[in-house]
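Worksheet: the structure to be examined is printed underneath.
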Amino acid sequence: MSDALLTMDGVTKVFTTDEVETHALAGIHLNLKRGEYVSISGPSGCGKSTLLAILGLLDSPTGGTYTLNGKPVQSLKMAERARIRNREIGFIFQAFNLIGDLTVYENVELPLTYRGMSGAERKKRVGEALERVGMSHRIIESRII
Numbered sequence: 003m004s005d006a007l008l009t010m011d012g013v014t015k016v017f018t019t020d021e022v023e024t025h026a027l028a029g030i031h032l033n034l035k036r037g038e039y040v041s042i043s044g045p046s047g048c049g050k051s052t053l054l055a056i057l058g059l060l061d062s063p064t065g066g067t068y069t070l071n072g073k074p075v076q077s078l079k080m081a082e083r084a085r086i087r088n089r090e091i092g093f094i095f096q097a098f099n100l101i102g103d104l105t106v107y108e109n110v111e112l113p114l115t116y117r118g119m120s121g122a123e124r125k126k127r128v129g130e131a132l133e134r135v136g137m138s139h140r141i142i143e144s145r146i147i
């Protein structure tokens, strides 16, 4: 068994309209092991967001294969993709993607709610997460502006 967390082999993505065919990704090969950190950079329009959408199971490649935890992802149903995004995939965005009507605590708690986690467990985990990043003072705070 491979020690790869995710593998892409020859992944392509083509967007087609009536007038034009745009090749956003052409033959991506990627092999990441558990615990590795990766940064994706490049000029505007080079396919970074398209690649992230595929990695995050928000979109599917036009060609090639994508394997996550040893399982091909092409045939996963939407519910299973959502479960994997909630429990196994994380992104750090360039801009804050927080819900302004929620407090810091509520923004951190929200994905745990979708997991069906008990209130006590959510409270414990939110507190630990905010403590780890030096934001425990924001646990009880007004709405995000």
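Residue numbers (my numbering): 3 to 147.
Just so you know, even glycine gets a beta-carbon here, dropped at the ideal spot from N, CA and C.
Are residue i and residue j touching if we call contact CB-CB under 8 Å?
i, j, result
"Leu7", "Asn71", "yes"
"Ile56", "Val13", "yes"
"Val75", "Leu59", "yes"
"Gly129", "Ser138", "yes"
"Asp11", "Thr64", "no"
"Leu104", "Leu112", "yes"
On a CA-only basis, which of the options is nearest residue i? Give me that one, please.
i, options, result
"Ala26", "Arg87, Met119 and Leu54", "Leu54"
"His31", "Glu23, Glu38, Thr69 and Glu21", "Thr69"
"Ser51", "Ile142, Phe93, Ile141 and Arg124", "Phe93"
"Leu34", "Val135, Arg124, Lys73 and Thr9", "Thr9"
"Tyr39", "Ile91, Glu23 and Asp20", "Ile91"
"Gly47", "Ser62, Thr24 and Lys73", "Thr24"
"Ala28", "Gly49, Ser62 and Ile101", "Gly49"
"Asp5", "Ile101, Arg127, Lys126 and Gly37", "Gly37"
Less than 8 Å between the CB atoms is what I'm expecting for residue i and residue j, so what's the real figure, rounded?
i, j, result
"Val110", "Ala131", "6 Å"
"Arg117", "Asn88", "6 Å"
"Tyr107", "Ile141", "5 Å"
Exercise for the section: Kindly confirm or deny that the region 33-45 and the region 72-85 touch, where touching means at least three C-beta pairs closer than 8 Å. Expected result: No, because fewer than three Cβ pairs between the region 33-45 and the region 72-85 fall closer than 8 Å, the two stretches do not touch.
Practice task
Run through the region 46-87 for me and flag every whole beta strand (DSSP E) of 3 or more residues, listed as ranges in chain order.
Solution key: Runs found: 65-70.
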